[in-house]
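Single-structure report; data block below.
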Amino acid sequence: MEKARLLMKKLKIDRMRGSYCAALLPFWLSALLTVTPSSHAAPSYNPVITPDVGSLPYKMVDGVKEFHLIAEKVKREFAPGYVFDCWGYNGTTPGPTIEAVEGDRVRILVTNRLPAPHAVHWHGLFLPNGMDGVGGLTQSYIQPGQTFAYEFDLVQHGTFFYHPHADESVQIAMGMEGFFIIHPKDGEPKKIDRDYCIFLHMWQIPPGTSKPNPNAMFDFNYFTFNSRIYPGTSPVIAQKGDRVRVRFANISMESHPIHIHGVSFLVTATEGGQIAENAQHPTTTVNVPPGTAKVIEFVPEYSGDWPFHCHKTHHAMNAMEHNLPNVIGVDQDAVEQKMSKMIPGYMAMGTSGMHEMGEHAEHMPAPKNTPPMMAGVGPFARINMGGMFTVLKVRDTITDYDAVTGWYEHPPGTVAEEVPTPE
Amino acid sequence: MKSIFHNSPATRLLAHRTPLVLGVLTIFAVSCKTVRHHADIRDVGRDVQRRVADSGVAVKLEPDRHLADERKRTLDEKPLGLRNAIQIALLNNPQLLQDYEALGVERAALRHATILRNPTIHFDILESFEDEESVPLFVPGVGFVEPDTRDAQFHFSVTMDFIDVIRRHEMAKVSRARMEVEKMRLSEKVIRLITDVSIAVYTYQGESMKLSLMQKVLDGVAVRLEMALEQHRVGNISDLTLAGHQAAYQDITLKRTDQQRNVTVARERINQLLGFWGESTAWSMPTELTRPGSSVSDESVDRAISNSLAIEAAMYEIGILKRELGVNKATIIPALELGLIREEEDFHIPASGVSGALEIPIFDRNQTEVERYTALLRQKEHELSSIGIHLRSEFRLLRELHDELIGKIEYYESAVLPLKSRIVKLSLEHYNGMFLGPYALLEAKMDELRARKAYVEILKKYWITRAELDHVLAGGRIGDAAMEPVADTAPAKKDGHGGH
Chain A
1 MEKARLLMKK LKIDRMRGSY CAALLPFWLS ALLTVTPSSH AAPSYNPVIT
51 PDVGSLPYKM VDGVKEFHLI AEKVKREFAP GYVFDCWGYN GTTPGPTIEA
101 VEGDRVRILV TNRLPAPHAV HWHGLFLPNG MDGVGGLTQS YIQPGQTFAY
151 EFDLVQHGTF FYHPHADESV QIAMGMEGFF IIHPKDGEPK KIDRDYCIFL
201 HMWQIPPGTS KPNPNAMFDF NYFTFNSRIY PGTSPVIAQK GDRVRVRFAN
251 ISMESHPIHI HGVSFLVTAT EGGQIAENAQ HPTTTVNVPP GTAKVIEFVP
301 EYSGDWPFHC HKTHHAMNAM EHNLPNVIGV DQDAVEQKMS KMIPGYMAMG
351 TSGMHEMGEH AEHMPAPKNT PPMMAGVGPF ARINMGGMFT VLKVRDTITD
401 YDAVTGWYEH PPGTVAEEVP TPE
Chain B
1 MKSIFHNSPA TRLLAHRTPL VLGVLTIFAV SCKTVRHHAD IRDVGRDVQR
51 RVADSGVAVK LEPDRHLADE RKRTLDEKPL GLRNAIQIAL LNNPQLLQDY
101 EALGVERAAL RHATILRNPT IHFDILESFE DEESVPLFVP GVGFVEPDTR
151 DAQFHFSVTM DFIDVIRRHE MAKVSRARME VEKMRLSEKV IRLITDVSIA
201 VYTYQGESMK LSLMQKVLDG VAVRLEMALE QHRVGNISDL TLAGHQAAYQ
251 DITLKRTDQQ RNVTVARERI NQLLGFWGES TAWSMPTELT RPGSSVSDES
301 VDRAISNSLA IEAAMYEIGI LKRELGVNKA TIIPALELGL IREEEDFHIP
351 ASGVSGALEI PIFDRNQTEV ERYTALLRQK EHELSSIGIH LRSEFRLLRE
401 LHDELIGKIE YYESAVLPLK SRIVKLSLEH YNGMFLGPYA LLEAKMDELR
451 ARKAYVEILK KYWITRAELD HVLAGGRIGD AAMEPVADTA PAKKDGHGGH
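Chains as they are written, first to last, in this note's numbering: chain A, 1 to 423; chain B, 1 to 500.
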């Protein structure tokens, strides 16, 4: 394994982009057979990008694509410096994306390294009933330490996902989920330049702690794209004119209306299959309810740094208490003086909203392992966002997508500026 | 008819010098009595000083009012603290001044016991009434006699109860023992006064500290209300929510008033014990209870027993009863009167002799008194045994309570209070991150204040217990207050509506 890892590093294989050029080098082929997500030849599909996660490697065994999922405890860094104790697969939450092609026979070995019984359901897939992964109903539970094999033919293509069907409310709340992408055997009808997978999730992790509370039914305080919160989320990058596909999946307790600035898109598919072209309609916001996947496609025409976020306002924020007293408009000067005598260090907040929170967070002590409610610094000022927020970076030309990191440079005269207030 | 005393030298002396003699005798008697009385009280003072030596309190009992007032004026000039409060009380406590007189009463009883009973003089002067029929006359000590047919008769006799003379020596010993018991009682009262003053001072200090903390809680609730009023003014909270905040403020205001009352009561208790009135009630005192003192060893119970004035007094009383029982057993002849008699007839023929009267113990041989004193003796012996058992048990309870309270104080200081402060600090951090609102932050602060109030209550209880323990070690009896069950010493719950 170590040897293979070093080889991959040497070849600069970019797993996220799926550019497995190693397959072009017969010399290394035999060494890589058992460890890369590739088959004997270059993939017949354009691999998806699952930001901050990646795809699951497989090996060919007697003509069957064999994947190995390991259900285990994972440490997930939601944003730089903030690490939480979650459950997931193969060291990450969401688990790595399983990619295969329609018509493939797949074998998925699931090893349970959790302290609890487990079973994996393949959401949306047509398969033998005994492979559906419902603990107790269609199979025995995978006890801790056991490995079960799921093996079936892929008879459809599209966007699917996997998640536990054993003690779901706990195991899903702890972060166990992942994409299952089946590429069409005949290729995409339209070339997809950038194919992103983003799993939507929400958590209740009390401030100052590191473990999600699976008992929560309400009052979630972290809202994540691929289990990352802004400013820890990776941007979605596209060149002007690229055909971009974004696949969303959601098995959290609420729906998430995802809104993208700067583009209009079509909802082209769900986890149930492709939407007929004549049924697709343009929109800038797609609502992703629990238990569904929504696939959108667009071709950006306007360069810039465009917000990409859930439009439930509190979902684009990090942890905060929702039962705080409403002090909007409350003159707190007198109270602040008295309070600071009783509690040195007290500072009145909230009279004009939460705008100052990002700045306060820099110099006021806060609970450990708890990111500020709003964070992120933009080219002009603090961005005051968090949670389900990232940026769609559209550039006129891109030679290296990984190199697109800086802020958009606005052409002169295209940025709103202060002007005299009309009388 | 002439009196036999007419124109005698003694009569003449008395007639001319009576006022002078009586005056000299009275002054002598009074001064002797006063000197002895003051000496008795100072004896008690020395005894108490020995008993409370460890506490560092200077016990100076001063029965002389002039000297006492002089000394009190000196003390009044110093700031009032525990030690000079005790000294002032010892000089000025009105009850103690009353108690001094009990010693005077017992001293008088002792003096009375040492004085012989007065002799009895009997005399008859009889004149003859020849014209009338002769009627027998009753002559005390002689009986009925036929009236003399002579012109006149004079009978004179002096008698004393000689059994009383014999008993007087024993009864004087009994009285001296009673005097000692009375001194012990006074010692006990002085020790009790010292303890009561200590308790009153600790109570005042503790209640004052609690009042200060209560005021801070009220300040916190006032800030909470102020915030709520502002929220209400700009339309952020309902009338109902505001009313909740107002009710909480009222509740704490009333509780603060109750606490003020506790301070006033404690202050008045000091005034009573120190005999303060008028301008002297305007004293001030540091309102800070210090940390606990040293612990008390298991062996201290022996000291408590050996010093116990109740046990010592009971032993004295047993001795008294034994002596009284002995006297009663020895009194076979209840009464024997002996005397001299002189008789004259017609004032010409005198006759002298001896008279006597003896009660014959045929029926009453004093057996009931013997039975009574035997029973009283047994009763007192049982009482002595009971005092010992109870004293040991109660001392153990008191010592355990004392140690428990030290443990609680240390727990509060090392764990509870630092944690409460840490909760405030963490709450501020959560407030900074908008995970807590200002009301919850204030509530954490008030919770800390309530914990401090509970700590002060324990500290106060400790010092009261310590005073009772020192009281017992000095020989006093255990007070009821120390034996009361300890109230819940956990930090109190929040005082009112938290709101948010």
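Glycine included, each C-beta is placed from N, C-alpha and C at the ideal position.
Around the C-beta of S303 (chain A), 16 or more other C-beta atoms lie within 10 Å, and the residue is accordingly described as buried. The C-beta of L127 (chain A) comes no closer than 8 Å to any C-beta of chain B. Any Cβ of chain B closer than 8 Å to the Cβ of G81 (chain A) would place that residue at the interface, and such an atom is absent. F225 (chain A): member of the beta strand (DSSP E) spanning Y222 to F225, first to last residue. Any Cβ of chain A closer than 8 Å to the Cβ of K460 (chain B) would place that residue at the interface, and such an atom is absent. Rounded to the nearest whole angstrom, the CA to CA distance from T405 (chain A) to I398 (chain A) is 11 Å. When only Cα atoms are considered, V110 (chain A) and D396 (chain A) end up about 44 Å apart. Along the length of the stretch 323-397 of chain A, whole beta strand (DSSP E) runs at least 3 residues long occupy 375-377, 382-385 and 389-395, reported in chain order. Under the 10 Å beta carbon count, V263 (chain A) is surrounded by 16 or more other beta carbons and is classified as buried.
Note: W87 (chain A) is bridge-paired with A:K73 in the DSSP secondary-structure output.
Proximity of H281 (chain A) to chain B, defined by a Cβ-Cβ separation below 8 Å, is not satisfied. If the five residues before and after L324 (chain A) are omitted, its C-beta is found closer than 8 Å to the C-beta atoms of G350, all from its own chain and listed in chain order.
Taking C-beta separations shorter than 8 Å and ignoring five residues to either side along the sequence, the partners of V288 (chain A) in its chain run L200, F248, A249, N250, S255, H256, P257, I258 and K294, following chain order. Under DSSP, S157 (chain B) takes part in a beta bridge, and its partners are B:H122 and B:I341.
Apart from sequence neighbours up to five positions away, the residues of its chain that approach F78 (chain A) with a beta-carbon distance below 8 Å are F84, Y222, T224, S227, R228, I229, G232 and P371, ordered along the chain.
Per the coordinates, the alpha-carbon of V53 (chain A) lies some 42 Å from the alpha-carbon of A444 (chain B).
Of the residues assessed, M60 (chain A) falls on the exposed side of the cut-off, its CB having fewer than 16 other CB atoms within 10 angstroms. In the displayed model, S355 (chain B) falls within a strand according to three-state DSSP.
Identification of residues in the stretch 345-359 of chain A having a C-beta nearer than 9 Å to some C-beta of chain B yields G345, Y346, M347, A348, M349, G350, M354 and M357, given in sequence order. Shown here, F308 (chain A) sits in a strand according to DSSP, grouped into three states. Per the DSSP secondary-structure output, F180 (chain A) pairs in a beta bridge with A:I98 and A:F160.
In the structure shown, F395 (chain B) adopts helical secondary structure according to DSSP, grouped into three states.
The criterion of a C-beta distance shorter than 8 Å is not satisfied by R167 (chain B) and T374 (chain B).
Under the 8 Å Cβ criterion, the stretch 445-462 of chain B counts as touching the stretch 415-424 of chain B, having at least three qualifying pairs. Here R36 (chain B) is not near A109 (chain B), since their CB atoms are 8 Å or more apart. Within its own chain, the residues whose Cβ lies closer than 7 Å to the Cβ of G358 (chain A), once the five positions on either side in sequence are excluded, are P372, M374, A375, R382 and N384, listed in chain order.
The beta carbons of V74 (chain A) and T93 (chain A) sit about 6 Å from each other, so the pair counts as a contact at 8 Å.
The DSSP-derived three-state label of S55 (chain A) is strand.
Of all residues in the stretch 320-343 of chain A, those with a C-beta nearer than 8 Å to a C-beta of chain B are M320, E321, N323, L324, P325, N326, V327, I328, G329, V330, D331, Q332, A334, V335, K338, M339, M342 and I343, reading in chain order. Residue environment for D69 (chain B): exposed (fewer than 16 other C-beta atoms within 10 angstroms of its C-beta). Contact annotation: H163 (chain A) and E102 (chain A) have beta-carbon atoms that are not nearer than 8 Å. If you draw a straight line from the Cα of Y150 (chain A) to the Cα of L69 (chain A), it is about 11 Å long. Under the 8 Å criterion on CB atoms, H245 (chain B) is classed as non-interfacial with respect to chain A. Going by DSSP, D195 (chain A) is part of no alpha helix (DSSP H) but of the beta strand (DSSP E) stretching over R194 to W203. Contact between V472 (chain B) and A304 (chain B) holds, since their C-beta atoms are separated by about 5 Å, short of 8 Å. Judged by DSSP secondary structure, A149 (chain A) falls within the beta strand (DSSP E) whose first and last residues are T147 to D153.
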